[in-house]
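Scroll down for the structure; my scribbles are underneath it.
Residue numbers (full-length UniProt numbering): 1 to 369.
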């Protein structure tokens with residue numbers, strides 16, 4: 001069954017459309033948009049009827065079964081349903097808050113998920129370079145743009161706070177790093193305490209002890225305006241947005257990474273740590289129980305529900321390695337010195353996880369005998 005995804009921020013760039021077209025082809029699907037002719041939904045009393053692109057009611061049994069399987073909520077308005085069962089988007093509409101929402105083809109989600117997790121290997125390999133460049137930019141004089149972007153990136157990595165965007169502030173009153181206000185931060189010596197309302201209305205209290213970041217953020221507090229993270233360009237001050245952070249990451253890494261990759265990497269590392277400390281499962285039931293416990297722990301640290309955490313922020317290879325009995329053995333025996341020589345700047349846990357993910361990727365790419 002297709003899955004609902006909040007799509008309140010429309011993909012704007014032709015680059016994203018090209019990426020979507022490529023992914024649709026890989027999934028064996030058609031890349032579609034809801035500007036194309038499709039099926040519309042009309043209420044008739046307590047039920048709905050569906051009108052095809054030819055303005056005639058849809059009567060085909062297979063088409064009606066597909067529409068029913070999409071389970072488009074009755075509360076959605078402006079519903080558009082793809083006329084083809086092979087469209088990568090199967091339905092769009094507006095939820096009760098007026099936000100654009102989507103139901104994607106199952107195969108599309110599978111391919112996108114595999115691509116997302118595959119990039120974790122590249123992200124882990126690039127992380128030493130990213131950290132090195134961030135350190136260099138944090139050492140810049142004054143409060144230039146690169147220094148503030150580096151500050152946000154370092155906080156993304158150490159706090160696991162979402163990057164945020166103004167749309168969530170306007171619609172939901174929820175904040176992320178780039179949208180934090182001065183009232184959301186207290187600094188005492190070298191300790192920063194962030195307190196704010198995050199996604200889904202959750203209240204976050206996050207402490208970070210870092211003398212350098214404390215000095216930089218204290219200087220940010222001196223800049224006029226509501227937003228905490230601003231940079232200075234001459235006598236002008238400018239805010240930082242999520243797109244600025246993502247473009248900065250692409251620039252310093254040379255790859256198409258985003259702020260969300262830090263949360264996925266963190267979720268994967270945290271899950272590996274939790275599971276590696278558990279006993280090797282004696283049965284499927286025992287293993288599933290331990291996985292559920294680990295996922296719940298990671299979710300609480302990331303501020304997600306366990307379901308979202310497992311599907312979006314933990315690489316499945318970690319869970320597979322635990323259930324297969326190999327994670328703990330690898331965790332205790334892997335040659336850290338060899339890995340550290342190839343990827344200096346990663347800690348022991350990161351080196352072990354990176355090696356595990358690299359091996360998992362090699363196994364997937366190995367042809368069947």
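Don't be surprised by glycine CBs; every beta carbon is placed ideally from N, CA and C.
Keep in mind the model is a prediction, meaning the values are calculated, not measured.
Item: CB contact flag (residue 134, residue 245, <8 Å); Value: no
Item: Sub-8 Å separation of residue 80 and residue 27 beta-carbons; Value: no
Item: Alpha-carbon to alpha-carbon, residue 87 and residue 315; Value: 27 Å
Item: Proximity of residue 175 and residue 197 at Cβ, strictly below 8 Å; Value: yes
Item: Test item: CB-CB of residue 321 and residue 356 under 8 Å; Value: yes
Item: Where the beta strand (DSSP E) containing residue 48 begins and where it ends; Value: 47 to 51
Item: Where residue 93 sits in the DSSP three-state scheme; Value: strand
Item: Span of the beta strand (DSSP E), counted from its first residue to its last, around residue 185; Value: 185 to 188
Item: DSSP bridge partner residues for residue 238 (one or two, in chain order); Value: 231
Item: Among 208, 250, 326 and 125, nearest to residue 343 - alpha-carbon criterion; Value: 125
Item: Limits of the unbroken beta strand (DSSP E) element including residue 207; Value: 203 to 209
Item: Nonlocal neighbours in the same chain, by C-beta distance under 7 Å from residue 258, ignoring five residues either side; Value: 246 and 249
Item: Residue 328 and residue 280 closer than 8 Å at C-beta; Value: yes
Item: Sequence-distant residues of the same chain with beta carbon closer than 7 Å to residue 317, five excluded per side; Value: 356, 357 and 360
Item: Boundaries (first-last residue) of the beta strand (DSSP E) holding residue 42; Value: 39 to 44
Item: Straight-line gap, residue 139 to residue 275 (C-alpha atoms, nearest Å); Value: 37 Å
Item: Whole-Å CB distance - residue 83 paired with residue 57, under 8 Å assumed; Value: That belief does not hold up - the Cβ atoms of residue 83 and residue 57 are roughly 14 Å apart, past 8 Å.
Item: Whether residue 156 touches residue 177 by CB criterion (8 Å); Value: yes
Item: Where residue 352 falls, given that 16 or more other Cβ within 10 Å makes a residue buried; Value: buried
Item: Nearest-angstrom Cα separation, counted from residue 217 out to residue 185; Value: 9 Å
Item: Buried or exposed by the 16-neighbour rule on C-beta atoms within 10 Å, applied to residue 304; Value: buried
Item: Euclidean distance between Cα positions of residue 187 and residue 214; Value: 7 Å
Item: Which residues DSSP lists as bridging residue 81, in chain order; Value: 39 and 91
Item: Residue 255 versus 312, 120, 323 and 166, residue with shortest Cα-Cα distance; Value: 120
Item: Buried or exposed by the 16-neighbour rule on C-beta atoms within 10 Å, applied to residue 2; Value: Residue placement at residue 2 is poorly supported in this model, since its pLDDT is 47, which falls under 50; the coordinates are not used for a value here.
Item: Closest residue to residue 96 among 128, 163, 78 and 68 (Cα-Cα distance); Value: 78
Item: Unbroken beta strand (DSSP E) run spanning residue 191, endpoints; Value: 191 to 197
Item: Same chain, Cβ closer than 8 Å to residue 144, neighbours up to 5 away in sequence not counted; Value: 231, 232 and 233
Item: Extent of the continuous beta strand (DSSP E) run through residue 104; Value: 100 to 104
Item: Complete runs of the alpha helix (DSSP H) confined to the stretch 107 to 169 [at least 4 residues]; Value: 145 to 159
Item: Reference residue 146; option with closest CA among 70, 287, 251 and 296; Value: 251
Item: Contiguous alpha helix (DSSP H) assignments of at least 4 residues, all confined to the stretch 254 to 327; Value: 260 to 276, 284 to 302, 306 to 312 and 316 to 323
Item: CB contact flag (residue 323, residue 267, <8 Å); Value: no
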